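In my numbering, the protein residues as written are 1 to 228.
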């Protein structure tokens, strides 16, 4: 009888042990929309909280929790410079998010774009949040500033509500591929007489680039040949 009980207990322990053994999982594979509106809201709230903490404490090290890439380098240097000069660190936060754009992905990294107001500067920010893996937090990687009156065009959505993504060289539904558009705009920034100069509306950014170019000595300004 005791042998039967021992065997039963042994079998139960083996079953429980088997249930507790972690199964292999590919952490780089995903098959869903990058974020829901609720999840994006939580990411932005965390970002704003850390930015407020940095503004009050002047501790730029906290930025590593919410930013990455060149944006992190720029903001860290800005906080350090302000601290050295005894100037209060300004708060950069997404005060009112008006648009969330998120695609569906099969593998990491994931990303979504949040367009929000920056009330202190009367501007908007188009923030690109990136998550490099399932074990990493969402971090802001790019944050171009826009005029407060800028209106974003509508985005084509799939059945699940995710944004339809295009490869850089794909032009489905567009006059130009994103890569071609960026290339032409770069040419126009470098050369006022570029072939596609008339295709771009003169805005504040383009005007500021032209002003900076005019202030540079001629030997430091190099313009590509027309149409290149």
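By construction, the Cβ of each residue, glycine as well, lies at the ideal position given by its N, Cα and C atoms. Since this is a predicted model, take the numbers as computed values, not measurements.
Taking residue 146 as the reference, give the member of 156, 123, 130 with the closest Cα.
-> Nearest neighbour of residue 146 by Cα position, chosen from 156, 123, 130, turns out to be 123.
If we count the other Cβ atoms within 10 Å of its Cβ and call it buried at 16 or more, is residue 201 buried or exposed?
-> A residue is called buried when at least 16 other Cβ atoms come within 10 angstroms of its Cβ; residue 201 does not meet this threshold and is exposed.
Of the choices 167, 97, 40, whose alpha-carbon is the least far from that of residue 129?
-> 40
List the endpoints of the continuous alpha helix (DSSP H) containing residue 212.
-> 204-215
Excluding the 5 residues preceding and the 5 following residue 209 in the sequence, name in chain order all residues of the same chain whose CB lies nearer than 8 Å to its CB.
-> 189
Below 9 Å between beta carbons: does that hold for residue 102 and residue 113?
-> yes
Which residues in the same chain as residue 71 place their Cβ atom closer than 8 Å to its Cβ, once the five residues preceding and following it in sequence are excluded?
-> 140, 141, 142, 143
Pull up the distance between the alpha-carbon of residue 24 and that of residue 58, whole angstroms please.
-> Bear in mind that a pLDDT of 43 at residue 24, under 50, signals an unreliable position, so the model cannot answer this.
Which one of 172, 194, 109 has the shortest CA to CA distance from residue 135?
-> Of 172, 194, 109, the smallest CA-CA separation from residue 135 is found for 109.
Tell me whether residue 73 is buried or exposed, calling it buried when 16 or more other Cβ atoms sit within 10 Å of its Cβ.
-> When all chains shown are included, residue 73 counts as exposed.
Got a sec, what are the start and stop residues for the alpha helix (DSSP H) residue 47 sits in?
-> For residue 47, the enclosing alpha helix (DSSP H) starts and ends at 37-57.
Should residue 49 be labelled buried (16 or more other beta-carbon atoms within 10 Å of its own) or exposed?
-> exposed
Skipping 5 residues on each side, what residues in its chain have a beta carbon closer than 8 Å to that of residue 37?
-> So the qualifying residues of the chain are 100.
Secondary structure, beta strand (DSSP E): runs of 3+ residues fully inside the segment 131-205 | 139-142, 145-147
Find the nearest neighbour of residue 166 within the set 104, 69, 85, judged by alpha-carbon distance.
-> 104
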